[in-house]
């Protein structure tokens, strides 16, 4: 979701900045936060505290993560927007008969609120969040469970994502994968993907090639 459907870095980074300054630590810019995104809030907060160095040594990461979520949840769509071409891609995929699902490490209720607030909820048949199953990405069971929620089959599914967790989950599930180069992942994270794409607009055509009707 983050870095694939939604350019959510501005909100994630703004919240990260507020979190650190609330502890009297120096703030951070979106460029600093970008490589920290993709493994969930707990990992993001641990990375923020590590970035802050010794000055953050006494801060409890779990309490900091709870503080982050308390701030982020009501403000998660102040700055976030769908990436260019997202509506076109979703419309075209639906018209082509695809069932659409979101597989995200975000808590499922947070993901639902964000997707709804940005007017995208009507496109999706299912959302599999980081707390929807006993495991989460990169474990392939998270992706397989999400495909199941959408009443799909792995053999005719495609995973689109901007992070190595997405590609690893797809590889483990034997699902074709498209690396979203427009997202936040580093270029080397494309390794193992079936194919890469530069924009959302390309996705319907790639999907038709990977899974012919």
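Residue numbers (the numbering used here): 9 to 221. The beta carbon of each residue, even a glycine, is placed where N, CA and C say it ideally should be.
**Report entry** Reference residue 194; option with closest CA among 37, 181 and 46
**Finding:** 46
Query - Element boundaries [beta strand (DSSP E), containing residue 40] - result: Note, residue 40: premise wrong, no beta strand (DSSP E); alpha helix (DSSP H) at 38 to 41.
Query raised in the report: Looking at C-beta atoms only, is the number of pairs between the stretch 205 to 219 and the stretch 184 to 194 that lie closer than 8 Å three or more?
Result: yes
Query raised in the report: Just checking, does the stretch 103 to 114 make contact with the stretch 146 to 162 on the three C-beta pairs under 8 Å criterion?
Result: yes
Query raised in the report: Relative to the alpha-carbon of residue 80, which residue among 146, 170, 174 and 25 has its alpha-carbon at the smallest distance?
Result: 25
Query - For residue 185, the residue or residues it bridges with in DSSP - result: 167
Query raised in the report: So what's residue 25 in DSSP terms, helix, strand or just coil?
Result: helix
Query raised in the report: What do you get for residue 30, buried or exposed, if any count of 16 or more other CB atoms within 10 angstroms of its CB means buried?
Result: exposed
Query - Member of 139, 138 and 88 whose CA lies at the smallest distance from the CA of residue 127 - result: 88
Query raised in the report: Where do the N-terminal and C-terminal ends of the alpha helix (DSSP H) with residue 53 fall, by residue?
Result: 49 to 60
Query - First and last residue of the uninterrupted alpha helix (DSSP H) at residue 135 - result: No alpha helix (DSSP H) contains residue 135, which is instead part of the beta strand (DSSP E) from 134 to 136.
**Report entry** Where residue 83 falls, given that 16 or more other Cβ within 10 Å makes a residue buried
**Finding:** exposed
Query raised in the report: Are the beta-carbon atoms of residue 76 and residue 209 separated by less than 7 Å?
Result: no
Query - Bounding residues of the beta strand (DSSP E) (the contiguous stretch that carries residue 110) - result: 109 to 111
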